[in-house]
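Data block below; observations after.
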Amino acid sequence: MSLAVTLTRAQEGIAAPQVMVEVHLSGGLPCTSIVGLPEAAVREARDRVRVAIQNTAFEYPNRRVTVNLAPAELPKDGGRFDLAIALGILAASGQVPREKLDDCEFLGELALTGNLRSVSGVLPALLRARSRGRRVVVPRENAAEAALVPDVDVLVADTLADVCGWLRGAHELSMPVGIPSDGGADSGPDLADVRGQLQARRALEITAVGGHHLLLIGPPGTGKTMLAERLPGILPPMTESDALETCAILSVAGQTTDLARWRRRPFRSPHHTASAVALVGGGSYPRPGEISLAHNGVLFLDELPEFSRHVLEVLREPMESGHIMISRAARQSTFPAQFQLVGAMNPCPCGYAGDAGRRCQCTPDQIQRYRSRISGPLLDRIDLCVEVPPVPLAELGSPASGRDETSATVRERVLKARRQSLMRAGRPNAEISTRELERDCALGPAERRWFETALQRLGLSARAYHRVLRVARTIADLDGGAALLEREHLAEALQYRRL
1 MSLAVTLTRA QEGIAAPQVM VEVHLSGGLP CTSIVGLPEA AVREARDRVR VAIQNTAFEY
61 PNRRVTVNLA PAELPKDGGR FDLAIALGIL AASGQVPREK LDDCEFLGEL ALTGNLRSVS
121 GVLPALLRAR SRGRRVVVPR ENAAEAALVP DVDVLVADTL ADVCGWLRGA HELSMPVGIP
181 SDGGADSGPD LADVRGQLQA RRALEITAVG GHHLLLIGPP GTGKTMLAER LPGILPPMTE
241 SDALETCAIL SVAGQTTDLA RWRRRPFRSP HHTASAVALV GGGSYPRPGE ISLAHNGVLF
301 LDELPEFSRH VLEVLREPME SGHIMISRAA RQSTFPAQFQ LVGAMNPCPC GYAGDAGRRC
361 QCTPDQIQRY RSRISGPLLD RIDLCVEVPP VPLAELGSPA SGRDETSATV RERVLKARRQ
421 SLMRAGRPNA EISTRELERD CALGPAERRW FETALQRLGL SARAYHRVLR VARTIADLDG
481 GAALLEREHL AEALQYRRL
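full-length UniProt numbering puts the sequence shown at residues 1 to 499.
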């Protein structure tokens, strides 16, 4: 029989659809054709595979070779199909047995010497193969990444000859050996390094508990970046499934994961010259952008008004939905984007409006134009806006006091408060639905009348109304988890929407 079928995985967003590699040998002039909507890198596989087979001491069939990648409507790109194509050709020509091919998937790019090279998107492929109960063979360069996925049978190989020897029963392939993880413990910047800024520290704690978005406003050198960099250190640790999803996005993007720290929350800080595609993702073959690389972590945008207005506006939808769909003529890809936005900006173009120590040189019109670079709809989606004033020099030079708590101390309070929201709704307060909001953010008659009056005076939108309630619910959780929101919880939540 001159027909053989091997299995592999394509890459589509963070999904990994199955691809059947059907190889048929027939009479006619010797040639190799690959069909099934292959891109340029896949079409070039016929030359890589032929030379790799010959250099591995196997015989390339002197017949007409037809390789079909099914399903045909799925675009296929990259060198990830090389190993499956080579094994299909060898199986169709009777040089390796077919018995182990049925329940096994193969990923890997072939060098001309027959060595296996790493490919991107291994984690999504392993997660899908696990749900099918199949064994997967991957290059050794992907071994540490493959070891992150539990309960999946993974084998690693160095060369095409190793895989063929395993199929023939000559030897066994090794299992991947993982790198010990720190379990999500954070040893990064500590909150104790920040002097003063009690209100900003309080807002950072509220942000960590509820998963809210935060905007820090203050003159240069007041500690806005320091505060933002310390947010991941007080966030609750990721679950294993969340950590795997975050690592899968990095794998699809072709970025190296620090496997010893794979359980830590990501912190992304793109420069303000970043384009919209760099921020949300895109390209001819859609790749994740910064908002997806910050999934389950923090996206920090320093000098927020310096970003292009168009770039900032593309954040509005993913901030609400938690994902981004990138549409192109030939394909659509959806990437998760459940991030916490932390922005930092100066109060005016020169940076010193409201600073008692330095005089502002900006006119009211200049300040208004500077602040209007951030649109109202985007500001409406940011839950907390906090002023970060300059810290007195005497306080900067003093040793840490009891008010300068460490990240570990704050994290304990965050975990305790977050646990209440998880028991109540199964998700952080920033993500609860409107129906859950009505259930979990009950107000007494007097508090409701006071709250409605405050909203009318401030002229807040319906979205702001719900966001203030979510922040108030988070404050109440930090205050012991009262069933009814008190006026003090509402008042503190309202003061964070002064901008």
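All C-beta atoms in this analysis are idealised placements derived from N, C-alpha and C, irrespective of residue type, glycine included.
Distance, residue j Cα to residue i Cα
{"i": "residue 126", "j": "residue 366", "result": "54 angstroms"}
{"i": "residue 235", "j": "residue 415", "result": "8 angstroms"}
{"i": "residue 490", "j": "residue 204", "result": "17 angstroms"}
{"i": "residue 404", "j": "residue 194", "result": "7 angstroms"}
{"i": "residue 172", "j": "residue 344", "result": "55 angstroms"}
{"i": "residue 139", "j": "residue 163", "result": "10 angstroms"}
{"i": "residue 155", "j": "residue 117", "result": "15 angstroms"}
{"i": "residue 360", "j": "residue 346", "result": "12 angstroms"}
{"i": "residue 72", "j": "residue 38", "result": "9 angstroms"}
{"i": "residue 146", "j": "residue 225", "result": "35 angstroms"}
{"i": "residue 334", "j": "residue 357", "result": "49 angstroms"}
{"i": "residue 270", "j": "residue 290", "result": "7 angstroms"}
{"i": "residue 377", "j": "residue 174", "result": "54 angstroms"}
{"i": "residue 299", "j": "residue 100", "result": "45 angstroms"}
{"i": "residue 59", "j": "residue 52", "result": "10 angstroms"}
{"i": "residue 450", "j": "residue 316", "result": "30 angstroms"}
{"i": "residue 217", "j": "residue 427", "result": "28 angstroms"}
{"i": "residue 302", "j": "residue 275", "result": "15 angstroms"}
{"i": "residue 77", "j": "residue 460", "result": "49 angstroms"}
{"i": "residue 396", "j": "residue 196", "result": "8 angstroms"}
{"i": "residue 308", "j": "residue 339", "result": "20 angstroms"}
{"i": "residue 487", "j": "residue 332", "result": "47 angstroms"}
{"i": "residue 2", "j": "residue 46", "result": "18 angstroms"}
{"i": "residue 211", "j": "residue 462", "result": "20 angstroms"}
{"i": "residue 130", "j": "residue 111", "result": "28 angstroms"}
{"i": "residue 254", "j": "residue 266", "result": "16 angstroms"}
Best match in the options for proximity to residue i [C-alpha to C-alpha]
{"i": "residue 28", "options": "21, 64, 20", "result": "64"}
{"i": "residue 137", "options": "287, 153, 288, 144", "result": "153"}
{"i": "residue 22", "options": "44, 390, 102", "result": "102"}
{"i": "residue 327", "options": "283, 191, 406, 135", "result": "283"}
{"i": "residue 188", "options": "222, 233, 496, 223", "result": "233"}
{"i": "residue 8", "options": "199, 196, 87", "result": "87"}
{"i": "residue 329", "options": "75, 280, 40", "result": "75"}
{"i": "residue 256", "options": "123, 78, 201", "result": "123"}
{"i": "residue 452", "options": "439, 468, 437, 440", "result": "468"}
{"i": "residue 381", "options": "215, 221, 240", "result": "215"}
{"i": "residue 14", "options": "285, 264, 492", "result": "285"}
{"i": "residue 431", "options": "379, 458, 320", "result": "320"}
{"i": "residue 455", "options": "130, 494, 150", "result": "494"}
{"i": "residue 56", "options": "119, 93, 159", "result": "159"}
{"i": "residue 466", "options": "457, 458, 480, 438", "result": "438"}
{"i": "residue 447", "options": "433, 462, 436, 472", "result": "472"}
{"i": "residue 113", "options": "49, 151, 167", "result": "49"}
{"i": "residue 372", "options": "384, 306, 434, 393", "result": "306"}
{"i": "residue 252", "options": "121, 133, 496, 220", "result": "121"}
7 angstroms CB neighbourhood of residue i in its chain, flanking five on each side removed
{"i": "residue 362", "result": "348, 349, 350, 353"}
{"i": "residue 209", "result": "414, 417, 418, 474, 477, 478"}
{"i": "residue 522", "result": "Any answer about residue 522 is impossible in this case: the structure gives the chain only from 1 up to 499."}
{"i": "residue 243", "result": "262, 263"}
{"i": "residue 43", "result": "34"}
{"i": "residue 231", "result": "204, 207, 208, 298, 342"}
{"i": "residue 36", "result": "68, 69, 70, 72, 76"}
Residues bridged to residue i [DSSP beta-bridge criterion]
{"i": "residue 299", "result": "268, 341"}
{"i": "residue 72", "result": "According to DSSP, which records beta bridges pairwise, residue 72 is partnered with nothing at all."}
{"i": "residue 62", "result": "Looking at the DSSP assignment, residue 62 forms no beta bridge with any residue, so it has no partner."}
{"i": "residue 135", "result": "104"}
{"i": "residue 288", "result": "281"}
{"i": "residue 501", "result": "The requested residue 501 does not occur in the structure, where the chain is confined to residues 1 to 499."}
{"i": "residue 34", "result": "67"}
{"i": "residue 12", "result": "15"}
{"i": "residue 23", "result": "4, 67"}
{"i": "residue 157", "result": "139"}
{"i": "residue 217", "result": "345, 387"}
{"i": "residue 333", "result": "326"}
{"i": "residue 174", "result": "156"}
Residues near residue i by beta carbon distance below 6 angstroms, same chain, minus five either side
{"i": "residue 444", "result": "484"}
{"i": "residue 280", "result": "289, 291, 314, 324"}
{"i": "residue 190", "result": "406, 407"}
{"i": "residue 561", "result": "Any question about residue 561 goes unanswered here, given that the chain covers just 1 to 499."}
{"i": "residue 84", "result": "6, 8, 21, 106"}
{"i": "residue 109", "result": "79, 82, 117, 119"}
Neighbour flag for residue i against chain C, beta carbons, 8 angstroms
{"i": "residue 237", "result": "Note that chain C does not occur in the displayed structure, where there is just one protein chain."}
Proximal residues to residue i (C-beta, below 8 angstroms), its chain only, five neighbours per side dropped
{"i": "residue 177", "result": "143, 144, 147"}
{"i": "residue 161", "result": "56, 57, 114"}
Given 8 angstroms, three or more beta-carbon pairs between the stretch 246-262 and the stretch 406-425: no
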